[in-house]
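Novice: If you read the sequence shown in this note's numbering, its first letter stands for residue 161, the second for the next number, and so on.
By construction, the Cβ of each residue, glycine as well, lies at the ideal position given by its N, Cα and C atoms.
Given the structure is predicted, the values throughout are model-derived calculations rather than measurements.
Just dropping this structure here.
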Amino acid sequence: MDCIFCKIANGETNCHKIYEDDKAMAFLDISDDFEGHTLVVPKKHIANFNESSNCQITHLIKVAKQISQHYVDLGYEGTNIVINNGEAAEQSVHHLHIHVIPRRKGDGKLYMPLHSRGTDLQKLAKKLRIK
Ligand code: DGP
């Protein structure tokens, strides 16, 4: 399978590694948009969040939390923890990954400002509720 994160995880392609264990790896995102932008990936190919088992995602979240805490300990003031799940949600690499983005006040904006759509939230919650 031609997957860039599989190639990084199995050592075929270089990365700037931050963390590794038997099931997961974390390395710097190539975009260099925010200082220290890190990706946590499973070594085994899993396409996206919904396809991961509870056990797999739990491990990745634990690693993301450890890295997030490490970055705060190093002096960053906060972190964004982001999973883009599926193409419509702007997932561009189809190997599950958690973005851990160290932040400092005033270092830029991760999201465009969003505006209310005027939705009837009561009606929508009724449609979306898990029964
Ligand atoms: P997403 O849009 O959530 O699928 O994020 C994919 C991220 O992967 C994006 O921020 C750029 C990063 N990326 C893509 N190709 C490579 C690569 O070859 N190496 C590294 N380190 N990061 C990559």
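Any idea if I227 is buried or exposed, counting beta-carbon neighbours within 10 angstroms, 16 or more meaning buried?
Specialist: Counted from its first residue, the sequence shown places residue 227 at position 67. Result: buried.
Novice: Taking the C-alpha atoms as reference points, what is the distance between G196 and H255?
Specialist: Counted from its first residue, the sequence shown places residue 196 at position 36. Counted from its first residue, the sequence shown places residue 255 at position 95. Straight-line Cα distance between these residues: approximately 20 Å.
Novice: Is DSSP giving V223 helix, strand or coil here?
Specialist: Numbered from its first residue, the sequence shown carries residue 223 at position 63. Reduced to three states, the DSSP call for V223 is helix.
Novice: Counting along the chain, where does the beta strand (DSSP E) carrying A186 start and finish?
Specialist: Residue 186 sits at position 26 when you count from the first residue of the sequence shown. Unbroken beta strand (DSSP E) run through A186: 184–188.
Novice: Got a sec, what are the start and stop residues for the beta strand (DSSP E) L199 sits in?
Specialist: Here residue 199 refers to the residue found at position 39 when the sequence shown is read from its first residue. 198–202 is the span of the beta strand (DSSP E), which, as asked, contains L199.
Novice: Looking only at its own chain, which residues have a Cβ that is under 7 Å from the Cβ of M161, when we skip the five neighbours before and after it?
Specialist: Translated into the one-based positions of the sequence shown, residue 161 becomes position 1. Correct list, in chain order: H205.
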